[in-house]
Amino acid sequence: AKNNVTSFQRKGSRASGTDSGGSRLVSIAGTRPSVRNGQLLVSTGLPALDQLLGGGIAVGTVLLIEEDKYNIYSPLLFKYFLAEGIISRHSLLVASAKEDPANILQELPAPFLDDNCKKEFDEDACNHKTPEPNIEMKIAWRYQLLPKMEAGPVSSSRFGHYYDVSKRIPQELIEASRWHGFFLPEKLSSSLEVEPCSLAHGYLKLLKFIQSIIYEEGFDGSNPQKKQKNILRIGIQNLGSPLWGDDICCTENCSNSHSLTKFLYVLRGLLRTSLSVCVITVPSHLIQNKAVIARVTNLSDTVVGLESFIGSEKETNPLYKDYHGLIHIRQIPRLNNLTCDVSDVKDLGFKLKRKQFTIE
Amino acid sequence: MFPELNNLLNTTPDRAEQGKLTLLCDAKTDGSFLVHHFLSFYLKANCKVCFVALIQSFSHYNIVGQKLGVSLTTARERGQLVFLEGLKSSVDVFFRAQEEPHPLQFLREANAETLQPLYEFVREALKPVDSGEAAWRYPVLLVDDLSVLLSLGVGVVAVLDFVHYCRATVCWELKGNMVALVHDSVDTEDEENDVLLNGLSHQSHLILRAEGLATGFCRDVHGQLTILWRRALRTTAQREQILTYQYKIQDKNVSFFARGMSPAVL
Chain A
148 AKNNVTSFQR
158 KGSRASGTDS
168 GGSRLVSIAG
178 TRPSVRNGQL
188 LVSTGLPALD
198 QLLGGGIAVG
208 TVLLIEEDKY
218 NIYSPLLFKY
228 FLAEGIISRH
238 SLLVASAKED
248 PANILQELPA
258 PFLDDNCKKE
268 FDEDACNHKT
278 PEPNIEMKIA
288 WRYQLLPKME
298 AGPVSSSRFG
308 HYYDVSKRIP
318 QELIEASRWH
328 GFFLPEKLSS
338 SLEVEPCSLA
348 HGYLKLLKFI
358 QSIIYEEGFD
368 GSNPQKKQKN
378 ILRIGIQNLG
388 SPLWGDDICC
398 TENCSNSHSL
408 TKFLYVLRGL
418 LRTSLSVCVI
428 TVPSHLIQNK
438 AVIARVTNLS
448 DTVVGLESFI
458 GSEKETNPLY
468 KDYHGLIHIR
478 QIPRLNNLTC
488 DVSDVKDLGF
498 KLKRKQFTIE
Chain B
133 MFPELNNLLN
143 TTPDRAEQGK
153 LTLLCDAKTD
163 GSFLVHHFLS
173 FYLKANCKVC
183 FVALIQSFSH
193 YNIVGQKLGV
203 SLTTARERGQ
213 LVFLEGLKSS
223 VDVFFRAQEE
233 PHPLQFLREA
243 NAETLQPLYE
253 FVREALKPVD
263 SGEAAWRYPV
273 LLVDDLSVLL
283 SLGVGVVAVL
293 DFVHYCRATV
303 CWELKGNMVA
313 LVHDSVDTED
323 EENDVLLNGL
333 SHQSHLILRA
343 EGLATGFCRD
353 VHGQLTILWR
363 RALRTTAQRE
373 QILTYQYKIQ
383 DKNVSFFARG
393 MSPAVL
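As structure tokens, then:
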């Protein structure tokens, strides 16, 4: 492999004989190696979830979130993932058939600001040469908490942050970030593809878009002009819904049941060969064909299911009265290993408080 | 390879049987440890191995292989291992039109009727080479896994045909072995997968089936392994022999014990 920049390489492992950019990987902000197998991980944006998944999501893999019935809580996890990407200065690719990605980014939660940090900076402000606090200064103290991208080999940024869902992320952070949006209604206006490869039209366009970003921005190391040292976080919402042109959520005997599974396979191929990580939400409760759900699960690396109590008999069950729903860790990958991290605790509930989404 | 599993199967790399189809299947658990076992087993047996790896990347198998004492990189470099990396190749096939038929050509087709290009790839990889170099012992085809082909739009008949052709070439013509993993889709009403599993079960000489425990997750027993031997009718011994063990997967090894005899219980 010529310029293999995947994270699936043991860092500093000369014995493997491959051209390893291993030592370079440690310096990417917002990542850390897994304790178990040295795999490079990123945070989901929810430290509690990171812990359940063995430390985070491995770069090069897919996290599939099975949406809760009324799609109230899964968008939150989706937004945590994207917000974490902005705070960590990762690049983002946001895809949706329903919402404009620009709007999704506007609704991201704000990071919790550390009060101690703020006090420190106030003192600095007094000693600063410019007497009057101008607008740049005001913005600056918000940035205080953010990790700076360091050129050296040491990873300086924090891994995993806490967010306040009652507040919106500051506009400046969005503008400072590098993001690419894929809003299906906009992309469909161009001509239809000639290739009859059996993918639903929306999926095909999305795959090509993802591939072009990965190549052009240099996340797969094959573009000689671009040497990328950052992670691309890909977020895809409501995959499988009819809005993408797929009918697996409408009927049990779908005309083309391979569309979504083929998409997932090729997507995983793209992820494994680049410095990217993907979170997908799927309305699994709408998929009537059980075989499709099983196949989709097999084709994903990590699978987490959300079950909300709204409208179910569990709502009145005293055992669950403090919680809004259950979170099921359905699958954890075994990467570079015979074993995998399986959490001992199996019954996990979640609740959405005014500021935070917690898992217990 | 796992020495304990070799004992249970009554085999070693030096004196394994030839001309056999081994079916690996997993139900409600991850049976990939069996794939890693056979990959390292046949490499240590000095066989020429063609590995159609559709599920994980090369480095994944390589890193696990190193824990089991084989280097896939070295094996590939000296021609012992031909590795088809499905995930990486799928990107090439899907986004760039190929001049010649690619083994994964079916990814570009709406409903793939045949896996002929994949079969041709296997045949080319394992054909005997008339060079003066040290010959490998016998060819082995390893597939991880066959179920995913169904997810990619290949018809079950095409998959069964592919297995048939590979068996004819690898097992009968070249006196080699074939090992393939198929998922057992227990409650999921996956009819195509059931047909595939049943069809292969009838053709296999040896079936290893890994199952999650009925009682759910347990830290000391990860699952149950059922070993089923099919013997030729000619022998006076029983036609089928079935043994069941429980297993625990560790970092570099898998330990097996009789049911209820886990060290944690005793």
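Going down the list, the sequences are from chains A and B. The first sequence: position 247 = 394 (the numbering used here), numbered continuously. The second sequence: position 85 = 217 (the numbering used here), numbered continuously. Just so you know, even glycine gets a beta-carbon here, dropped at the ideal spot from N, CA and C.
Can you name the residues that DSSP bridges to residue i?
i: residue 351 of chain B; result: Paired residues: none, contrary to the question.
i: residue 272 of chain B; result: B:181, B:309
i: residue 311 of chain A; result: A:257
i: residue 377 of chain B; result: B:357
i: residue 432 of chain A; result: Residue 432 of chain A pairs with nothing; no bridge assigned.
i: residue 187 of chain A; result: A:180
If you compare alpha carbons, which of the options is closest to residue i?
i: residue 205 of chain A; options: A:193, A:258, A:178; result: A:178
i: residue 158 of chain B; options: B:189, B:341, B:376, B:353; result: B:341
i: residue 204 of chain B; options: B:275, B:321, B:181; result: B:181
i: residue 367 of chain A; options: B:294, B:224, B:186, B:152; result: B:224
i: residue 402 of chain B; options: B:373, B:234, B:332, B:176; result: Residue 402 of chain B cannot be examined here, being either before or after the span of chain B that is shown, 133 to 398.
i: residue 317 of chain A; options: A:332, A:370, A:259; result: A:259
i: residue 188 of chain A; options: A:441, A:180, A:222; result: A:180
i: residue 363 of chain A; options: A:496, A:195, A:375; result: A:375
i: residue 246 of chain B; options: B:168, B:290, B:142; result: B:290
i: residue 319 of chain A; options: A:327, A:330, A:442, A:252; result: A:252
i: residue 345 of chain A; options: B:250, B:285, B:392; result: B:285
i: residue 409 of chain A; options: B:133, B:382, B:238; result: B:238
i: residue 311 of chain B; options: B:323, B:327, B:335; result: B:335
i: residue 255 of chain B; options: B:303, B:202, B:375, B:269; result: B:303
i: residue 279 of chain B; options: B:391, B:323, B:168, B:253; result: B:323
i: residue 326 of chain A; options: A:309, A:347, A:357; result: A:357
Can you tell me whether residue i is buried or exposed, with buried defined as 16 or more other CB within 10 angstroms of its CB?
i: residue 299 of chain A; result: Only weak support exists for where residue 299 of chain A lies, its pLDDT of 28 falling under 50; the coordinates are left without a value.
i: residue 282 of chain B; result: buried
i: residue 230 of chain B; result: exposed
i: residue 213 of chain A; result: buried
i: residue 323 of chain A; result: exposed
i: residue 295 of chain A; result: Note that residue 295 of chain A scores a pLDDT of 40, beneath 50, so its modelled location is shaky; the value from the coordinates is reported in the next line. Exposed, since its Cβ has fewer than 16 Cβ neighbours within 10 Å.
i: residue 507 of chain A; result: exposed
i: residue 261 of chain B; result: exposed
i: residue 462 of chain A; result: exposed
i: residue 396 of chain A; result: buried
i: residue 419 of chain A; result: buried
i: residue 518 of chain A; result: The structure shown has nothing for residue 518 of chain A, since chain A only spans 148 to 507.
i: residue 325 of chain B; result: buried
i: residue 291 of chain A; result: Model confidence at residue 291 of chain A stands at a pLDDT of 42, short of 50, so the residue's coordinates are unreliable and nothing is read from them.
i: residue 406 of chain A; result: buried
i: residue 343 of chain B; result: buried
i: residue 244 of chain B; result: buried
i: residue 211 of chain A; result: buried
i: residue 524 of chain A; result: Residue 524 of chain A is absent from the model: chain A starts at 148 and stops at 507.
i: residue 278 of chain A; result: With a pLDDT of 39 at residue 278 of chain A, under the threshold of 50, the modelled position of this residue cannot be trusted; read the value that follows with caution. The residue is exposed, with fewer than 16 neighbouring Cβ atoms inside 10 Å.
Can the beta-carbon of residue i be found closer than 8 Å to that of residue j?
i: residue 422 of chain A; j: residue 240 of chain A; result: no
i: residue 459 of chain A; j: residue 217 of chain A; result: no
i: residue 165 of chain B; j: residue 482 of chain A; result: no
i: residue 200 of chain B; j: residue 380 of chain B; result: no
i: residue 216 of chain B; j: residue 207 of chain B; result: no
i: residue 161 of chain B; j: residue 438 of chain A; result: no
i: residue 365 of chain A; j: residue 355 of chain A; result: no
i: residue 474 of chain A; j: residue 453 of chain A; result: yes
i: residue 388 of chain B; j: residue 140 of chain B; result: yes
i: residue 450 of chain A; j: residue 444 of chain A; result: yes
i: residue 244 of chain A; j: residue 390 of chain A; result: yes
i: residue 272 of chain B; j: residue 308 of chain B; result: yes
i: residue 255 of chain A; j: residue 219 of chain A; result: no
i: residue 274 of chain B; j: residue 306 of chain B; result: no
i: residue 277 of chain B; j: residue 315 of chain B; result: yes
i: residue 434 of chain A; j: residue 387 of chain A; result: yes
i: residue 226 of chain B; j: residue 413 of chain A; result: yes
i: residue 448 of chain A; j: residue 307 of chain A; result: no
i: residue 154 of chain B; j: residue 337 of chain B; result: yes
i: residue 298 of chain B; j: residue 251 of chain B; result: yes
i: residue 185 of chain B; j: residue 269 of chain B; result: no
i: residue 229 of chain A; j: residue 382 of chain A; result: yes
i: residue 352 of chain A; j: residue 334 of chain A; result: yes
i: residue 384 of chain A; j: residue 249 of chain A; result: no
Would you list, in chain order, the members of the segment 155–169 of chain B that have their beta-carbon closer than 7 Å to a beta-carbon of chain A?
162, 164, 165, 168
Between the segment 356–386 of chain A and chain B, which residues of the former have a C-beta closer than 8 Å to a C-beta of the latter?
Listed in chain order, the positions of the segment 356–386 of chain A with a beta carbon within less than 8 Å of a beta carbon of chain B are 358.
Residues of the segment 399–425 of chain A with Cβ closer than 7 Å to any Cβ of chain B, in chain order
Of all residues in the segment 399–425 of chain A, 405, 408, 409, 412, 413, 415, 416, 417, 419, 420 have a Cβ within less than 7 Å of some Cβ in chain B.
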